[in-house]
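This report refers to the structure that appears directly beneath it.
Numbering (my numbering), first residue to last: 9 to 97.
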């Protein structure tokens, strides 16, 4: 089944840093529908609400739930592709 011509793919971005959420949203929103979430818990809630998420972009270092734990839990709710961002130097 082909996607509807006007329907944009949905990208879920999970990051606790507001500046990163804004920057990634600004970068992607012209092409994709972006769902920003400031925590892993909020990201999981959005995945429960939206079955059409195509890609998840998550930060690794977040308080409360690290990105790898979030993505493991997200995998139980969605078959979306996943990208894990790390800022380790």
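Backbone N, C-alpha and C define an ideal beta-carbon position, used for all residues, glycine too. The model shown is predicted, which means the values in this text are computed figures rather than measured ones.
Helix, strand or coil at residue i according to DSSP, with G and I counted as helix
i: residue 23; result: coil
i: residue 88; result: coil
i: residue 37; result: coil
i: residue 75; result: helix
Strand pairing of residue i, partner residues [DSSP]
i: residue 67; result: 93
i: residue 109; result: Residue 109 falls outside the range modelled here, since the chain spans only 9 to 97, and no answer is possible.
i: residue 61; result: 18
For residue j and residue i, believed in contact at Cβ under 8 Å, the rounded distance
i: residue 88; j: residue 65; result: Not quite, the Cβ-Cβ distance comes to about 10 Å (not below 8 Å), so this is no contact.
i: residue 92; j: residue 79; result: 6 Å
i: residue 33; j: residue 21; result: 7 Å
i: residue 69; j: residue 95; result: 7 Å
Candidates the options: closest to residue i by CA position
i: residue 41; options: 68, 58, 92 and 69; result: 58
i: residue 67; options: 29, 85, 18 and 17; result: 29
i: residue 51; options: 84, 27 and 31; result: 84
i: residue 27; options: 81, 56, 45 and 61; result: 45
Cβ-based burial, residue i [other Cβ within 10 Å; buried from 16]
i: residue 53; result: exposed
i: residue 35; result: exposed
i: residue 75; result: buried
i: residue 23; result: buried
i: residue 82; result: buried
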